[in-house]
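Per numbering that gives the first Met the number 0, the sequence shown runs over residues 0 to 404. For glycine and all other residues, C-beta sits at the position ideal for the given N, C-alpha and C.
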Amino acid sequence: MAGTLAVHGAKNAVLPILAAATICGDCVIRNCPDLTDVAVAMDILGHLGCDARREGSTIITTASSGGDWRIPDGLMKAMRSSVVFLGGMIARHGEGEISLPGGCELGSRPVDLHLFALERLGAQVEEGEGKLRCKAPNGLHGAKIEFPFPSVGATENAIIAAVTARGDTQITGGAREPEIADLITFLQGCGAKIHLTIDGVIHIQGVERLHGCEHTVIADRIAAGTYLCAAAITGGEVLLTGLTPGHVLTALAYLSNAGCVVRTSLNSIWLKAPDRLKELGIIRTQPYPGFPTDMQAVMMATAMGADGTSVFVENIFDSRLRHVEELRKLGADISTQGKTAVVSGVERLHGADLCCTDLRGGAAVVLGAMAAEGASTVRELSHIDRGYERFAENLTQLGVDIKEE
Ligand code: UD1
Numbered sequence: 000m001a002g003t004l005a006v007h008g009a010k011n012a013v014l015p016i017l018a019a020a021t022i023c024g025d026c027v028i029r030n031c032p033d034l035t036d037v038a039v040a041m042d043i044l045g046h047l048g049c050d051a052r053r054e055g056s057t058i059i060t061t062a063s064s065g066g067d068w069r070i071p072d073g074l075m076k077a078m079r080s081s082v083v084f085l086g087g088m089i090a091r092h093g094e095g096e097i098s099l100p101g102g103c104e105l106g107s108r109p110v111d112l113h114l115f116a117l118e119r120l121g122a123q124v125e126e127g128e129g130k131l132r133c134k135a136p137n138g139l140h141g142a143k144i145e146f147p148f149p150s151v152g153a154t155e156n157a158i159i160a161a162v163t164a165r166g167d168t169q170i171t172g173g174a175r176e177p178e179i180a181d182l183i184t185f186l187q188g189c190g191a192k193i194h195l196t197i198d199g200v201i202h203i204q205g206v207e208r209l210h211g212c213e214h215t216v217i218a219d220r221i222a223a224g225t226y227l228c229a230a231a232i233t234g235g236e237v238l239l240t241g242l243t244p245g246h247v248l249t250a251l252a253y254l255s256n257a258g259c260v261v262r263t264s265l266n267s268i269w270l271k272a273p274d275r276l277k278e279l280g281i282i283r284t285q286p287y288p289g290f291p292t293d294m295q296a297v298m299m300a301t302a303m304g305a306d307g308t309s310v311f312v313e314n315i316f317d318s319r320l321r322h323v324e325e326l327r328k329l330g331a332d333i334s335t336q337g338k339t340a341v342v343s344g345v346e347r348l349h350g351a352d353l354c355c356t357d358l359r360g361g362a363a364v365v366l367g368a369m370a371a372e373g374a375s376t377v378r379e380l381s382h383i384d385r386g387y388e389r390f391a392e393n394l395t396q397l398g399v400d401i402k403e404e
């Protein structure tokens with residue numbers, strides 16, 4: 000595998016930005032990847048009374064005063080992260096209703112931290128018949144919100160709900176992912192008064208209303224990391240452009256320790272892999288700036304053929320090792336216990352009939368198949384379309400022999 004690829008915009012930045020656009024004036028949001036999750040978010044916006052149309056990689060939003068304050072079950076099920084729309088719904092309509100996000104392929108995915116933040120801001124929460132209803136008949140007010148765990152979605156919900164609340168809000172213990180910073184930049188562009196301190200405290204001074212803005216979404220650091228792993232696993236070379244290397248630092252450190260040569264510029268990363276990688280050491284997933292849980296699966300695929308033993312500890316989600324079974328079909332030597340997976344690198348992997356278990360697990364399975372001798376078939380590709388734009392096409396462009404049917 001060898002070549003150059005421009006990294007698409009970040010799914011996890013576009014989704015909260017679209018949720019925030021429901022409480023802003025007309026917005027022009029550039030660098031939006033064409034993904035099924037983004038399409039669902041646009042449908043939700045339409046339902047909530049905010050017109051969203053796509054022109055190439057730009058999404059133009061126009062929020063009207065009407066629209067529903069409920070997200071229908073079908074749309075909730077299509078994208079579990081739609082809970083992030085709740086803060087904007089309450090800010091906009093004084094109430095919001097969603098069906099409770101059900102089970103998830105990553106294990107249980109509770110929303111208690113979202114509700115904790117919204118309640119602090121003055122929302123009353125009612126639960127019943129599988130629905131979650133939040134009301135703030137007198138509007139939301141500023142508050143001190145101290146998160147016990149830095150949930151990405153809950154931090155985003157709190158920010159979106161607080162920007163037009165009465166008074167000041169202070170969020171401590173919130174998530175610090177680059178996608179949160181991008182949401183803040185977008186909202187600041189719309190007139191929100193948000194100030195982020197160096198120690199991660201988010202100060203918000205509520206404003207009455209937000210205007211529109213033009214915003215360019217940051218590049219997808221997880222997609223970038225996946226293509227870097229694709230080069231690493233095949234002994235290849237790749238130049239990624241249009242991204243911030245600082246957002247991928249932890250992954251780059253592991254790949255470089257494993258023998259890859261890495262060079263970065265302000266907005267590009269070049270990586271050249273050795274014929275065989277060394278072991279990756281111990282990888283523990285952590286909130287940003289730690290190693291991202293979203294890259295655990297593709298990094299594990301990368302470790303399968305490395306010389307030595309690598310250990311993965313999944314600390315963020317309680318059931319995020321389902322790809323292991325698929326990777327084993329390729330001849331990988333992986334044993335698991337609880338949240339830990341031990342990967343003993345093997346010299347040869349062989350083709351197999353595989354299935355995508357989830358979005359990132361699916362990408363890992365494709366990468367594994369690329370490293371194996373002989374042909375593999377991978378099913379259930381729809382998972383991959385949720386987070387990677389033109390995945391197979393991009394890999395073809397990089398010289399991978401892959402055919403999508
Ligand atoms: C976001 C990302 C997802 C990534 C994850 C962790 C989006 C659209 N998705 O998901 O790709 O894997 O961050 O980096 O941005 N939790 C609670 N209570 C809550 C909320 C979360 O206990 O109310 C727990 C979750 O079960 C999980 C952990 O906190 O174990 C992290 O979840 P969170 O950071 O909220 O992830 P998401 O925002 O859902």
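How is residue i classed by DSSP in three states: helix, strand or coil?
i    : result
H210 : coil
H140 : strand
T233 : coil
L238 : strand
A90  : helix
V6   : coil
A362 : helix
C228 : helix
D25  : coil
I158 : helix
Buried or exposed: where does residue i fall if 16 or more other Cβ atoms within 10 Å of its Cβ makes it buried?
i    : result
F84  : buried
S80  : buried
R416 : This structure does not reach residue 416, given that the chain is present from 0 up to 404, and the question cannot be answered.
Q295 : buried
P273 : exposed
G406 : Beyond the ends of the chain as shown, which are 0 and 404, falls residue 406; an answer cannot be given.
D384 : buried
K402 : exposed
V260 : exposed
A135 : buried
Give a yes or no on whether the C-beta atoms belonging to residue i and residue j are separated by under 9 Å.
i    : j    : result
R321 : D357 : yes
A229 : V216 : no
L227 : A250 : yes
A12  : T240 : no
C23  : G199 : no
V162 : L99  : no
C355 : S381 : yes
L131 : V110 : yes
C26  : I89  : no
H46  : L17  : no
A174 : T196 : no
V377 : T233 : no
G172 : K192 : no
G224 : V297 : yes
Worksheet item: Unbroken alpha helix (DSSP H) runs of length 4 or more, entirely within the region 269 to 354: which are they?
Response: Look at the region 269 to 354 and you find these whole runs of alpha helix (DSSP H), each 4 residues long or longer: 295 to 302 and 322 to 328.
Worksheet entry | Sufficient close CB pairs (3 or more, under 8 Å) joining the region 59 to 74 to the region 242 to 261 | No, they do not touch.
Practice prompt. Could you pull out every unbroken alpha helix (DSSP H) segment of at least 4 residues lying fully inside the region 160 to 224, listed in chain order?
Written response: Within the region 160 to 224, the complete alpha helix (DSSP H) runs of at least 4 residues are 177 to 188.
Worksheet item: For the region 169 to 182 against the region 34 to 50, are there 3 or more C-beta pairs whose distance is under 8 Å?
Response: Taking 8 Å as the limit for Cβ pairs, the verdict is that the region 34 to 50 does not touch the region 169 to 182.
Practice prompt. Evaluate contact between the region 262 to 271 and the region 287 to 305, counting only Cβ atoms and requiring at least three cross-stretch pairs below 8 Å.
Written response: With a cut-off of 8 Å, the region 287 to 305 and the region 262 to 271 do not count as touching, because too few Cβ pairs lie within range.
Worksheet entry | the region 300 to 316 contacting the region 327 to 338, beta-carbon criterion three pairs below 8 Å | Because the criterion of three Cβ pairs below 8 Å is met, the region 300 to 316 and the region 327 to 338 touch.
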